[in-house]
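Residue numbers (this note's numbering): -2 to 405.
All C-beta atoms, glycine included, are put in the ideal place defined by N, C-alpha and C.
Here the structure is laid out as structure tokens; the discussion comes afterwards.
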Ligand SMILES: Cc1ncc(COP(=O)(O)O)c(C=O)c1O
């Protein structure tokens, strides 16, 4: 019998089973109210518009091109829409500054491949998006904690990276409505990270799939835009902006993008050529048509619905959570991050929650590269209606209260 373990590359043995993938299976259990999946509500997808777009493409002269191989950079029409969209975010750029990826997840993998050698260091927010940890882990790196609210000293990071035998290659963060906390960085924090990256001479990865899901408060300038302001434009910037259509229009079509200096994009194009040649042209063409006509009105409509759900979850938490429990109050996105009393463990709680309270969430340890954060959990409000949210949080609050009492 083949002994696979001796054949696997070392990086493959660093891959951890994803608790989140397991949890997503709970979405199919009708008796469980799930606050686990960080996904858009499928009832809100613009299916009619996509149906029309696919029909127009396949029924017309575009069909041959749409079913053929495409250029690795991505469809010109879709990149043109992205160029305009980035312009609205304060980033002046051209087609050669955009690479279309199969979701922003593919972008993160390519970024790992481009920058990371064994024993290099990436600075990440703590907690951070599990998918980024998984993508970067494959390149045998070390993670260091990035704390945007603290005074950051480049020399400490440099010394530790050197001790580990590599260099600091990038700071990875989600400045808008982060997964898992839902929190955003203010202008000062964004500038502080950019200045630290300047001192470290490293790149900044601005992962922004939730950027358009703002429910209140004023938008804060994108980090790539701030970088361009300071350094005289995108060609001199050190920031790679990862965008996505997954949370706004459809995750199933797997469409995202990287916007960065053309020198970096041309390297990433080579990686994409080696990986999958191109993202499906038909999907890109359909997305371009739907984004051109529906992006604004669709996100306005879905944001109003998600805002009500967020408000319902915040109100329910206020009403049902016991003293000693705290949570974030995000201005957008899909997540609320809960901190339980220190002595509770969210993974233990999850088992009982699914069996008795019939409520699912994601234990927070999954988002800490060092396995800490046992008393934290992530709630997603995107897929349950306001009635289900009240019901689910009431049951979860009762379970947490019981657990706290039983330990006193
Ligand atoms: C912070 C963050 N980045 C990237 C992704 C990947 O998104 P996609 O590949 O669907 O664009 C997700 C998905 O949940 C996410 O939360």
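Please name the residue or residues paired with residue 128 in a DSSP beta bridge.
According to DSSP, residue 128 bridges with nothing at all.
Does the distance from the CB of residue 102 to the CB of residue 63 come in under 8 Å?
Not a contact, by the Cβ cut-off of 8 Å.
Residues in the same chain with beta-carbon distance under 7 Å from residue 228, minus the five sequence neighbours each way, listed in chain order, please.
Taken in chain order, the residues that qualify are 234.
Rounded to a whole number of angstroms, what is the C-alpha to C-alpha distance between residue 252 and residue 174?
One C-alpha to the other measures close to 20 Å.
If you draw a straight line from the alpha carbon of residue 158 to that of residue 326, how long is it in whole angstroms?
Each residue's alpha carbon lies about 34 Å from the other.
Can you tell me where the alpha helix (DSSP H) with residue 225 in it begins and where it stops?
From DSSP, the alpha helix (DSSP H) with residue 225 extends over 220 to 228.
Identify the residues that DSSP records as bridge partners of residue 204: which are they?
DSSP lists 239 as partners of residue 204.
Can you give, in chain order, each stretch of the beta strand (DSSP E) that sits fully within the segment 332 to 391 and has at least 3 residues?
Fully enclosed beta strand (DSSP E) runs of 3 or longer: 332 to 336 and 373 to 377.
What I want to know is whether the C-beta of residue 238 ends up closer than 7 Å to one or more non-hydrogen atoms of ligand 1.
No - ligand 1 has no heavy atom lying nearer than 7 Å to the Cβ of residue 238.
Quick check on DSSP: helix, strand or coil for residue 100?
Three-state DSSP puts residue 100 in a helix.
Could you tell me which of 168, 4, 398 and 299 sits nearest to residue 200, measuring between CA atoms?
Among 168, 4, 398 and 299, the Cα nearest to that of residue 200 is on 168.
Which whole-angstrom value describes the C-beta separation of residue 356 and residue 30, a residue pair presumed to lie in contact below a C-beta threshold of 8 Å?
Confirmed, about 5 Å.
Quick one: using the 10 Å Cβ neighbour count with 16 as the cut-off for buried, is residue 281 buried or exposed?
So residue 281 counts as buried.
Hey, residue 303 and residue 210 are a contact pair by Cβ (cut 8 Å); roughly how many whole angstroms apart?
With a Cβ gap of about 6 Å, residue 303 and residue 210 count as contacting.
What do you reckon, is the C-beta of residue 122 under 7 Å from a heavy atom of ligand 1?
For ligand 1, not one heavy atom lies less than 7 Å from the Cβ of residue 122.
At a cut-off of 7 Å, is residue 106 close to ligand 1 when judged by its beta-carbon and the heavy atoms of the ligand?
No, the Cβ of residue 106 stays beyond 7 Å of every heavy atom of ligand 1.
In chain order, which alpha helix (DSSP H) runs of at least 4 residues are fully inside the segment 125 to 180?
Complete alpha helix (DSSP H) runs here, min 4: 127 to 134 and 151 to 160.
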